Amino acid sequence: MSFSADVKKELTQLKVTDGVIIALIRMNGVLGISNGLTLSVTTENATTARFIYATLSEAYAIKSEIKTHQKTTLSKNRVYTLKIKDNVSEVLDHFELADSLLLDHGVPDSVKFDEKKAIGYLRGAFLSSGSVTNPENGKYHLEIASYYEEHASDLQYLLETFGIRSKMIARKTRVVTYLSNSEMIIDFLSLIGANAARFKYEDAKIVREMRNTANRQTNFEAANIGKTVNAAQSAIEDIKFLQSQDKLPDNLRELAVARMANPDATIVELGQKLATPLGKSGVNHRLRKIKELASQLRQTH
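Take 1 as the starting number for the sequence shown in UniProt numbering and just add one per residue.
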């Protein structure tokens, strides 16, 4: 089961609110006329289909029929359709959906100015057409797809009222409202009540950050070792050149011998190997003198 499916399963186990059902009907519902007014709600998620069917029946005493069919001959996805035939007008009135299903392409006004309904609507919207990447894969992305730009923009507005910043993008036949910031995704999961998913997201984020920190430290140390080795090799070449020309001053000879004998030693370690230990600046000063002398002598040859 995907991470998105896990989140949706968790959401279907929460207490139902009007906002959830409003979103599911608004985003998946289609009105029809077949021996009277009918309302069909379609989804490709079996868990969501069972949730809608049970919720309508148990929480609202609304009877519906559920049917399944294959999406296409090339797709393995099943499509679940719940059809309400009785008292459709009353159902639409109860959820204040008549206008939004017939005329309005946005989020119903009854949701925009009611915090509890707004939270429920966002939960229902994710159940309807939401997806989120598994944080363990290292990519942070959560999205909700809408058929209409107005609806996607209204979702962005709802999220903003809760301090969650989102973006929009057109994709084929849908307009997507999405989050790509891990903190925003965690806030969203917390807002809609998906706490188990939120904790998993937080844990994965912490592990990833610790791993990145460890990798940066390792790379930093490797880079430093590389610099030390290169600097030591350069110094040894200068020392050998000065020795070959019998131009190595006595006051630099002890350090030169120590460097030749200890090519892997750091500057600090090198200073400790001298008869009279030197600090980092003292060792660096003498190594610079060796380099300068070698450079001057090479220029005269």
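A virtual CB, placed ideally from N, CA and C, is assigned to each residue, including glycine.
A quick note: this is a predicted structure, and the numbers were derived from the prediction, not measured.
Which first and last residues belong to the alpha helix (DSSP H) in which residue i is found?
i	result
Val16	First-last for Val16: undefined, no H or E at that position.
Val257	Asp250 to Ala261
Val268	Ile267 to Gln272
Val88	Val88 to His94
Among the options, which has the Cα closest to the Cα of residue i?
i	options	result
His285	Glu209, Leu297 and Ile267	Ile267
Pro277	Arg288, Lys291 and Ala258	Ala258
Leu252	Val229, Ser64 and Val283	Val283
Ile192	Ile84, Gly130 and Ala256	Gly130
Ser128	Tyr140, Gly279, Val176 and Glu115	Val176
Leu270	Glu115, Ala170, Val16 and Ala235	Ala235
Glu254	Ile290, Val229 and Asn230	Ile290
Arg165	Thr173, His151 and Ser180	Ser180
Gln91	Ile25, Gln233 and Met168	Note that residue 91 corresponds to Val in the displayed sequence, not to Gln. Of Ile25, Gln233 and Met168, the residue nearest in Cα terms is Ile25.
Gln140	Asp187, Lys116 and Ala98	One detail in the question is off: residue 140 reads as Tyr in this sequence, not Gln. Among Asp187, Lys116 and Ala98, the Cα nearest to that of Tyr140 is on Asp187.
Lys112	Asn77, Arg208 and Gln156	Gln156
Met260	Asp93, Ala232, Pro249 and Phe3	Ala232
residue 336	Lys116, Lys227 and Ser57	Nothing about residue 336 can be read from this structure; the chain reaches only from 1 to 301.
Arg171	Glu143, Met184 and Val207	Glu143
Lys247	Lys15, Gln272 and Thr300	Thr300
Tyr60	Arg174, Val88 and Val79	Val88
Gly120	Gly36, Ala256 and Phe95	Phe95
Ala275	Ala256, Asp264 and Glu292	Ala256
Lys116	Tyr80, Lys15, Phe241 and Arg50	Lys15
residue 303	Phe3, Gln70, His151 and Gly36	Examination of residue 303 is not possible in this model, given that the chain is present from 1 through 301 alone.
Ile230	Ala265, Met184, Arg208 and Ala118	Here residue 230 turns out to be Asn, not Ile, going by the sequence shown. Nearest of Ala265, Met184, Arg208 and Ala118 to Asn230, Cα basis: Ala265.
Phe241	Asp114, Glu292 and Ile185	Glu292
Arg50	Gly32, Lys9 and Ile33	Lys9
Phe3	Ile62, Gly106 and Leu189	Leu189
Asp93	Ser110, Leu287 and Ser64	Ser110
His105	Arg174, Ile62 and Thr55	Arg174
Contact defined as beta carbons within less than 8 Å: I believe residue i pairs with residue j. What is the distance between those atoms, to the nearest angstrom?
i	j	result
Val132	Val7	6 Å
Thr38	Ile66	The Cβ separation is near 14 Å, so there is no contact.
Thr48	Thr12	7 Å
Leu297	Gln243	With 8 Å as the limit, Leu297 and Gln243 do not qualify as a contact, their Cβ atoms being about 11 Å apart.
Ser182	Met168	Actually they do not touch by this definition, with Cβ atoms about 19 Å apart.
Asp250	Ala294	That belief does not hold up - the Cβ atoms of Asp250 and Ala294 are roughly 16 Å apart, past 8 Å.
Lys205	Pro108	With 8 Å as the limit, Lys205 and Pro108 do not qualify as a contact, their Cβ atoms being about 34 Å apart.
Tyr53	Leu82	6 Å
residue 372	Arg208	Nothing in the structure corresponds to residue 372, since the chain is present only between 1 and 301.
Asn262	Lys280	At roughly 15 Å, the Cβ-Cβ gap does not stay under 8 Å, so Asn262 and Lys280 are not in contact.
Between which two residues does the beta strand (DSSP E) harbouring residue i extend?
i	result
Lys291	No beta strand (DSSP E) contains Lys291, which is instead part of the alpha helix (DSSP H) from Lys280 to Gln299.
Ile192	It is not in any beta strand (DSSP E) - Ile192 carries neither H nor E in the DSSP assignment.
Lys83	Arg78 to Ile84
Thr276	Taken as a continuous stretch (DSSP letters only), Thr276 belongs to no beta strand (DSSP E), as it is neither H nor E.
Val107	Run containing Val107: none; DSSP gives neither H nor E here.
Thr177	Arg174 to Leu179
Can you find a CB in chain B that lies within less than 8 Å of the CB of residue i?
i	result
Gly138	No chain B appears in this structure, which consists of one protein chain only.
Do the region 138–148 and the region 29–48 make contact, defined as three or more Cβ pairs closer than 8 Å? Note that the region 138–148 does not touch the region 29–48; fewer than 3 beta-carbon pairs, one per stretch, sit closer than 8 Å.
Within the region 112–167, ranges of the beta strand (DSSP E) (whole runs, at least 3 residues): Considered as a whole, the region 112–167 harbours 130–132 and 142–146 as its complete beta strand (DSSP E) runs of no fewer than 3 residues, in chain order.
Can you list the alpha helix (DSSP H) stretches of 4 or more residues lying completely in the region 12–64, in chain order? You should have 18–28 and 46–58.
Just checking, does the region 14–25 make contact with the region 115–134 on the three C-beta pairs under 8 Å criterion? Judged by Cβ distances under 8 Å, the region 14–25 makes contact with the region 115–134, as three or more pairs qualify.
Say whether the region 161–174 touches the region 192–206, bearing in mind that this needs 3 or more beta-carbon pairs closer than 8 Å, one atom from each stretch. No: fewer than three Cβ pairs fall under 8 Å.
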